[in-house]
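Participant: First the structure, then my questions, so here it is.
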Amino acid sequence: MELRLFPLHTVLFPGMTLPLNVFEPRYLQLVDECTRDDEPFGVVLIREGPEVGGFAVPHDVGTTARIEVAEPGLLNRISLVSRGEQRFRITELHHDRPYLWADAELIEEPSGEASGELRERAGEQLRAFAQLRSRARGEYERDPGDESPDGAAALADAICATGAGTADERQRLLETIDPVERLGRAVEMFEEVLELLRRRVDEAAVRRWSEPGGLN
């Protein structure tokens, strides 16, 4: 398949929402063509090169993104909301358009199901993350309940969609096609991120209570 590419300094996963503020003429053209043809574009992590201006060198594996909302803004900008759909692998890059495009193949994930213990651990991590995020924002800390997605692949991608880990770590998880293996690696990575987040949230809470008027 032919796929228009949007190289970014982020990693998109299936099911993940991606807001974009599009202003470069080449990407305005890309958005216009995707909207016109009702086709997705491909989001790929930049291996080297710039995000704005010039052609970046992307990683080979990315995720297709479907445009859900495209709102025109001031100064010929578009506020875009897209959602990740499916992993793909670039087979050949092309530079004969204003934007980068590629011949690509969609990646079909093998079947496989993780143990109940691993799935439960992943669900607990996602619930803990939601609660910590609420505390960090100073919001009412509600119990998120069991809102975790079903299946090893969806759980792993949900963990990665939180933004946990570095871009390189998330890219390695994107390239881990076996869903059970990916979930195991994602859970291991997420545990370290959650521990760091817990310490930061606790420290911020102590500072808030220590400030004048903090008990009011």
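The opening residue of the sequence shown carries number 1 in the numbering used here; numbering runs sequentially from there. Each residue gets a CB set at the ideal place from its N, CA and C atoms; glycine is no exception.
Residue 219 lies in the alpha helix (DSSP H); which residues open and close that run?
Facilitator: This structure cannot speak to residue 219, because the chain is shown only from 1 to 216.
Participant: Residue range of the alpha helix (DSSP H) that residue 118 falls in?
Facilitator: 116-136 is the span of the alpha helix (DSSP H), which, as asked, contains residue 118.
Participant: Return the chain-ordered ranges of every beta strand (DSSP E) run that is complete within the region 41-67 and spans a minimum of 3 residues.
Facilitator: Listed in chain order, they are 41-48.
Participant: Can you tell me which of 99, 95, 77 and 107 puts its alpha carbon nearest to the alpha carbon of residue 61?
Facilitator: Minimum Cα distance to residue 61 is reached at 107.
Participant: Provide the residue(s) that pair with residue 21 in DSSP beta bridges, ordered along the chain.
Facilitator: DSSP lists 79 as partners of residue 21.
Participant: Which of the three DSSP states, helix, strand or coil, is assigned to residue 69?
Facilitator: In this structure, residue 69 counts as strand in the three-state DSSP scheme.
Participant: Would residue 4 pass as a contact of residue 41 if the rule is Cβ separation under 8 angstroms?
Facilitator: Closer than 8 angstroms, so yes.
Participant: Residue 193 and residue 151: beta carbons closer than 8 angstroms?
Facilitator: Cβ distance not < 8 angstroms, so residue 193 and residue 151 don't count as in contact.
Participant: On the three-state DSSP scale, how would you describe residue 97?
Facilitator: In the structure shown, residue 97 sits in coil (DSSP, three-state: anything other than H, G, I, E or B).
Participant: Alpha carbon to alpha carbon, what distance is there between residue 13 and residue 157?
Facilitator: Approximately 6 angstroms, taken between the alpha carbons.
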